[in-house]
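Each remark here refers to the structure printed beneath this line.
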Amino acid sequence: MYTPISLRSLSIIMAAGLLVAGCTSAVPQAPQARVYFVTPATGAVVASPVRVTWGAETFIVEPAGEVKAGHGHLHIMVDTECVEVGHGIPKDETHLHYGQGQLEADLALAKGDHTLCLQAADGNHIALAGPGMTE
């Protein structure tokens, strides 16, 4: 059943909500794990072979093998989408694996426009969840 609220009551409810929101935002949040390209910059014009470097924050890059929370290795997808979270990343000419924990590679790319997707996976090459686990 709908219960009308007076304007005065609404103001008090809204103020209480802002007070709670203000208190919870004062709690420091752990940094979100993420992987990212260092070079080349988006839109860069480069010559092949292209030196690609990448990094990670709050995520430990290590060789494939053991599955540990917050750890894994990286893959680059060339001219194809990243793999759906929870699925295995195939190994072929468009899905490049860096299972030794590498943070750089030289890519031989044909002349023209290309897209690269960096994706984190666990020790078994399973795509990891999280908004920062792909770039």
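Residue numbers (this note's numbering): 989 to 1123. Quick reminder that beta carbons are idealized off the backbone N, C-alpha and C, glycines included.
Environment of residue i [buried if 16+ CB atoms lie within 10 Å]
| i | result |
| --- | --- |
| residue 1119 | exposed |
| residue 1075 | exposed |
| residue 1071 | buried |
Same chain, Cβ closer than 8 Å to residue i, five either side skipped, listed in chain order
| i | result |
| --- | --- |
| residue 978 | Any answer about residue 978 is impossible in this case: the structure gives the chain only from 989 up to 1123. |
| residue 1069 | 1105 |
Spatially closest choice to residue i from the options, by CA coordinates
| i | options | result |
| --- | --- | --- |
| residue 1089 | 1105, 1052 and 1023 | 1052 |
| residue 1028 | 1103, 1068 and 1081 | 1103 |
| residue 1099 | 1093, 1035 and 1117 | 1035 |
| residue 1114 | 1045, 1079 and 1030 | 1079 |
| residue 1045 | 1056, 1019 and 1032 | 1019 |
| residue 1067 | 1030, 1032 and 1101 | 1101 |
For residue j and residue i, believed in contact at Cβ under 8 Å, the rounded distance
| i | j | result |
| --- | --- | --- |
| residue 1063 | residue 1084 | 6 Å |
| residue 1106 | residue 1082 | Going by Cβ atoms, the distance from residue 1106 to residue 1082 rounds to 14 Å, so no, they are not a contact pair. |
Close beta carbons around residue i, own chain, < 7 Å, minus the five adjacent residues each side
| i | result |
| --- | --- |
| residue 1087 | 1051, 1052 and 1061 |
| residue 1091 | 1041, 1042, 1043 and 1049 |
CB of residue i within 8 Å of CB of residue j, strictly
| i | j | result |
| --- | --- | --- |
| residue 1108 | residue 1023 | yes |
| residue 1058 | residue 1117 | no |
| residue 1097 | residue 1026 | no |
Chain-order list of residues whose beta-carbon lies under 6 Å from that of residue i (same chain, five-residue window excluded)
| i | result |
| --- | --- |
| residue 1073 | 1115 and 1117 |
| residue 1093 | 1040 |
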